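These notes are about the structure you will find just below.
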Amino acid sequence: MNAQHLKNTFKKLFNAEPILVRSPGRINIIGEHTDYNGGFVMPAAIDKAIYVAISKREDDDIHLFSESYQQFDISSVKDLKKSENSWANYILGVADQLKERGYKLGGFNFYIDGDVPLGAGLSSSAAVECATGFALDQLFSLSVPKMDIALIAQKAEQTFAGVNCGIMDQFASVFGKKDHAIMLDCRSMEYSYIPLKLDGYKLLLLNTNVKHALADSAYNKRRAQCEQGVAWVKEHYANVNTLRDVDLNMLEAYVKPMDIDVYNKCRFVVEEIARLLSAAEQLENGNLQGLGKLMIETHEGLSKEYEVSCKELDFLVDAVKPLDEVLGARMMGGGFGGCTINIVKEEKIADLIEELASKYLLEFGLKLDAYTVQTDNGTSLYN
Ligand code: GLA
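In this text, residue positions in the sequence shown follow the numbering used here: the first is 2, and each later residue adds one.
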């Protein structure tokens, strides 16, 4: 995205000089649906991002313009509430959360553009929220700590978008580091960076171009099922607060007899937390083959036990599983559409995309989009 172009567009719209902010989308190597269960995740920020241009206004108005939707959304900082324009809610929700925490905001002009594909499971919404938090922080000199920007962004998603999400996406957007994955412990919020050395291989995302309508409500339901499982175990072990504190024996004894579906969901999460720990070891030892096998296991679990996959995602994973040039493949993110993440031998990527795209079109009548992604740095000013 060209900074001068962003500035010129902003000047035409608002006749003012903006501050520019960039906040990236994210991938997740492994560790799915573990964040809201106090487990670990292994995301990375990517080289696709949301860009925001922002300036102060003399009045208390909020004037937003979205490049993707070619639409204005006008409201007041004195009376923040949900908009009919769903894209605006990710921005207004963050302003609302900042105010909730006592930060003083004035009116502002705001322009948003980006190249994170929407609805593809690359967390364009988290990128918008984090870009907004950081842009308002800079514009009004609020000195919001980085961690709070991520937490405020997460809370905005919960309150203004209605998804009871974990912290992974917003954390990755803010704290991403080029050439690294982040290993985040969502219980303690401690994190470290793992170098992502893929020698000869690349991360390839295959976008199903579907987002099934039930995605948000199913996500909230899974989270509630995990909490139910924890509550049953807690009746016997007072120290247990999340599935991170639970083992398979506890599930077998106290959850399985109560509800087999809740049991299956909880078992997936407990296994996935353990799987991530082995995956981190494999990555640190440069064993991409080992990492890839674990990714396939994660997909199996997400599809059969946690039941957040869909036929399009399963098709794409099944199609690459037998191939020597693909070390690992799985659905990524919340589920019910979006992308698969694949570790693929570099020189085979072009042929693979061509072959899969025609198979996918034949099977579903849908276009397959493919992106090779690089990891990148987190939210920052953009010049
Ligand atoms: C979505 C949520 C995250 C996380 C993933 C699943 O991306 O926003 O918090 O729960 O799904 O791992």
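For each residue, glycine too, the CB sits at the ideal point set by N, CA and C. Since the structure is predicted, the reported quantities are computational estimates derived from the model, not experimental observations.
| Item | Value |
| --- | --- |
| heavy atom of the ligand GLA below 7 Å from E130 C-beta | no |
| H400 CB to nearest heavy atom of the ligand GLA below 7 Å | Since the first and last residues shown for the chain are 2 and 384, residue 400 lies out of range. |
| Three-state class that DSSP yields for H213 in the structure shown | coil |
| Those residues which DSSP pairs with K346 across a bridge | Y202 |
| Three-state class that DSSP yields for A232 in the structure shown | helix |
| Where the beta strand (DSSP E) containing G26 begins and where it ends | I20 to N29 |
| Given 8 Å, three or more beta-carbon pairs between the segment 33-51 and the segment 167-176 | yes |
| Check whether D62 and G94 have beta carbons under 8 Å apart | no |
| Reference F337; option with closest CA among A96, G120, Y112 and L14 | G120 |
| Span separating the alpha-carbon of F111 from that of S56 | 7 Å |
| Alpha-carbon to alpha-carbon, A239 and S144 | 39 Å |
| Three-state secondary structure assigned by DSSP to A371 | strand |
| Secondary structure of H237, DSSP reduced to three states | coil |
| Check: H34 C-beta below 7 Å from any heavy atom of the ligand GLA | yes |
| Top-ranked residue by Cα proximity to S69, from S87, D114, R27 and L244 | D114 |
| Element boundaries [beta strand (DSSP E), containing D48] | P44 to K57 |
| Proximity to L277 [Cα-Cα], best of M169, L137, L292 and Y264 | L292 |
| Closest by C-alpha distance to T373, when choosing among V164, A351 and V263 | A351 |
| Within 8 Å, strictly: CB atoms of V345 and L353 | yes |
| Beta-bridge partners of G339, as assigned by DSSP | Bridge partners of G339: none, in fact. |
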